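In my numbering, the protein residues as written are 2 to 347.
C-beta atoms are modelled at their ideal positions from N, C-alpha and C, and glycine is treated no differently.
Bear in mind that the values here come from a model prediction, so they are computed numbers and not experimental data.
These notes are about the structure you will find just below.
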């Protein structure tokens, strides 16, 4: 009989059906939390143990009560995520013919905000580059080679913070004409981003300075080098390290990037809360401005959905409209039209 399946058995079946997708441990844990939280509220509401609940017990009225109760004091993003998890769960139950339909369309959720990406303007991007390459400014920094390598890599590749921090020495391909950096994105999706030799020059300089700062790191491993700064490091060594020589962490990365923005005088130009992500927006927007398609952008940024990439196209279109609106012709059109000779004769 439909609806008679125990909820915990249904959840096990859903995760088994999702196994080929290779969800990351983080994603699976988030799904488990979302399901467990609502089930706990529903169980209390029905006055029955969680282990006794069946999918037929999760009616529209029960789910509305559970989501309404659980949503108190929670962020809109958390509610939207939980709603999405439950929608996917019920889609599975319907596809397996355990239920005739999903109640989730009747369960309310917050609207998704329409946020267009906010890239740095070209002048601001140029200020960042000048700050990283100007000798006078570089002399004031504790480790200018690191600053330049980190920020410029993020700026041209558009990678996320976590992706940047996870890059190893062996993830960089330096073959002439095929220079690229391999990153591991959301859901453990791997992608390879083409880069130009000039970026590798900055990475070379950074690795030279890193060897000078931590000379024992490579020597203790018995590594010899013929002058190639990359040869001092093992393939699985981190590409970017902090000032102690350990793999850079999120806090150190954010601090480094914000200091560069402040030195360049562009910190106020970024979206609130966006540090490395402001560079990601900038890389993506410049790609679109130079003719990149939504599909190319999706591959470049590692988006799973084309709709996510479309936001950058909308952002660029808005910029074009704003520029077009500044045409002096519009000023002429809004001015009073002088009377013609014929009008004067009338």
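Work out the CA separation of residue j and residue i for me, nearest whole Å.
i           : j           : result
residue 92  : residue 103 : 7 Å
residue 344 : residue 129 : Confidence in residue 344 is poor, its pLDDT being 49 and thus under 50, which makes the residue's placement too unreliable to answer from.
residue 42  : residue 68  : 8 Å
residue 82  : residue 6   : 25 Å
residue 140 : residue 177 : 31 Å
residue 154 : residue 52  : 51 Å
residue 256 : residue 58  : 50 Å
residue 33  : residue 113 : 22 Å
residue 325 : residue 124 : Only weak support exists for where residue 325 lies, its pLDDT of 42 falling under 50; the coordinates are left without a value.
residue 228 : residue 286 : 38 Å
residue 11  : residue 39  : 15 Å
residue 248 : residue 180 : 23 Å
residue 196 : residue 174 : 9 Å
residue 192 : residue 294 : 17 Å
residue 251 : residue 19  : 30 Å
residue 110 : residue 209 : 53 Å
residue 138 : residue 77  : 43 Å
residue 135 : residue 201 : 18 Å
Is the CB-CB distance between residue i and residue j below 9 Å?
i           : j           : result
residue 86  : residue 13  : no
residue 265 : residue 203 : no
residue 84  : residue 63  : no
residue 211 : residue 198 : no
residue 4   : residue 55  : yes
residue 95  : residue 101 : yes
residue 258 : residue 276 : yes
residue 284 : residue 157 : yes
residue 362 : residue 242 : Past the edges of the chain, shown from 2 to 347, lies residue 362, and the structure says nothing about it.
residue 253 : residue 244 : yes
residue 159 : residue 260 : no
residue 25  : residue 189 : yes
residue 105 : residue 88  : yes
Decide if residue i is buried, meaning its Cβ has at least 16 other Cβ atoms within 10 Å, or exposed.
i           : result
residue 17  : exposed
residue 281 : buried
residue 321 : Below a pLDDT of 50, predicted positions are generally treated as unreliable, and residue 321, at 42, falls in that range; the measurement from the model is reported next regardless. Exposed, since its Cβ has fewer than 16 Cβ neighbours within 10 Å.
residue 145 : buried
residue 303 : buried
residue 299 : buried
residue 213 : exposed
residue 30  : exposed
residue 27  : exposed
residue 127 : exposed
* **Touching by the beta-carbon criterion (3+ pairs, under 8 Å), the segment 178-192 and the segment 157-164** => yes
* Between the segment 229-239 and the segment 167-177, do three or more beta carbon pairs fall short of 8 Å? -> yes
* the segment 260-274 touching the segment 118-126, judged by at least three CB pairs closer than 8 Å -> yes
* Asked: In the segment 34-84, which residue ranges form an unbroken alpha helix (DSSP H) of at least 4 residues, counting only runs that do not cross its ends?
  -> 61-71
* Jot down the residue ranges of each uninterrupted alpha helix (DSSP H) in the segment 261-299, minimum 4 residues, whole runs only, in chain order. => 277-290
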